[in-house]
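Q: Numbering-wise (the numbering used here), the sequence shown opens with residue 985 and increments by one. Think of the CB as a built atom: it goes at the ideal place given N, C-alpha and C, for glycine as much as any other residue.
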Amino acid sequence: MSEQTPPPQLSPTTALATDQGLRASTETWFEYPIRVQPHHTDYEGVAWHGTYLTWMEEARVECLRSMGINYADLVKIGCVLPVVELSLRYHRPLKLGEQAIVKTRMDEIAGVRIHWDYKIQSSDDQQLYLTGRVTLVAIDSEKGKVMRQLPPAVKEALMKLSR
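1) Does the structure place the region 1090-1102 close enough to the region 1054-1061 that three or more beta carbon pairs sit under 8 Å?
2) Could you name the residues of the same chain whose beta carbon sits closer than 6 Å to that of Thr1035, not counting the 5 residues immediately before and after it, in chain order?
3) Look at the Cβ atom of Leu1048, then the Cβ atom of Thr1119, and state whether they are nearer than 9 Å.
4) I'd like to know if the region 1071-1084 and the region 1131-1143 are in contact, where contact means that at least 3 CB-CB pairs between them fall below 8 Å.
5) Locate the alpha helix (DSSP H) running through Met1040, then write down its first and last residues.
6) Please say whether Arg1117 and Asp1091 have beta carbons closer to each other than 9 Å?
7) Would you call the CB atoms of Ala1141 and Met1051 closer than 9 Å?
8) What are the boundary residues of the beta strand (DSSP E) that Tyr1113 is part of?
9) Rounding to the nearest angstrom, what Cα-Cα distance links Arg1044 and Tyr1027 in this structure?
10) So, at 6 Å on beta carbons, what are the nonlocal neighbours of Glu1046 in its own chain, with the 5 sequence-adjacent residues on each side left out?
11) For a test of the three-state rule: what should DSSP assign to Leu1065, helix, strand or coil?
12) Measure the CB-CB distance between Phe1014 and Thr1088 and report whether it falls below 9 Å.
13) If I'm right that Gln1083 touches Ile1018 with Cβ under 8 Å, what's the distance once you round it to whole angstroms?
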C-alpha cells in the first residue's frame, strides 16, 4: 500500500522574511463614500458580498493615492501588493440606493506585510455594515517573489501616513 503525499500548502504570512526596522500604523481613518448601484446587488436589491471587497480595494487605493502612492506607478516599478489574508464580518446588508462610508486605515507594517483595517458604516455612523482586515504583501512582479523590503518611496509614504 502506498502513502499519499498531501498537496503542498503555502506558508502563513507570518513565515515571510520581514524587515524588522519598519513598524508603522495610523490612527486616522481614510473615508471613501459609496452608493449601492444596481450592478452591486442581487435580484432582491441587496449588495452582493463580493462588492464589499471591491469597495474596500477602491478605498485602499484612494488612500494610497492621497499619500502620494499611485498604484499604477507601483506596478511600473515592478512592485505589486496582492491580498494574502482576508477576514470579513458582515453585520447588516446594504441595499440598493443606500449610501455609506468605507473607512480604512493602515493598522501595521511588519516588514513587507501591510495590514489594513476596514469599517463600512452609514454616513451618520449609526449603522455598521461590515468590519474587516486585509493583509497585503509586496511582490517583485518580475521575479514573482516576495520582496525582502518595501521600495524606499513606498516606505517613505507609508511612514508619512503613520505620523
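A: In this structure, then:
1) no
2) Counting from 1 along the sequence shown, the entry for residue 1035 is found at position 51. Excluding sequence neighbours, Thr1035 sits near His1024.
3) Position 64 of the sequence shown, counted from the first residue, corresponds to residue 1048. Position 135 of the sequence shown, counted from the first residue, corresponds to residue 1119. No, the Cβ-Cβ distance between Leu1048 and Thr1119 is not below 9 Å.
4) no
5) Against the sequence shown, residue 1040 aligns to sequence position 56. Looking at the DSSP string, the run of the alpha helix (DSSP H) that includes Met1040 is His1033 to Ser1050.
6) Start at 1 with the first residue of the sequence shown, and residue 1091 comes out as number 107. Start at 1 with the first residue of the sequence shown, and residue 1117 comes out as number 133. Contact: yes.
7) The count along the sequence shown starts at 1 and reaches residue 1141 at position 157. The count along the sequence shown starts at 1 and reaches residue 1051 at position 67. Yes. Within cutoff.
8) To locate residue 1113, count along the sequence shown from 1; it is residue 129. Its beta strand (DSSP E) spans residues Leu1112 to Val1121.
9) Counting from one through the sequence shown, the residue named residue 1044 turns up at place 60. Counting from one through the sequence shown, the residue named residue 1027 turns up at place 43. Cα-Cα distance, rounded: 28 Å.
10) In the sequence shown, counting from the first residue as 1, residue 1046 sits at position 62. Excluding positions up to five away in sequence, the list reads Tyr1016.
11) On the sequence shown, position 81 is the one that residue 1065 refers to. Correct three-state label for Leu1065: coil.
12) Within the sequence shown, numbered from 1, the residue matching residue 1014 stands at position 30. Within the sequence shown, numbered from 1, the residue matching residue 1088 stands at position 104. Yes.
13) Within the sequence shown, residue 1083 is the residue found at index 99, counting from 1. Within the sequence shown, residue 1018 is the residue found at index 34, counting from 1. Gln1083 to Ile1018, Cβ: 7 Å. Contact.
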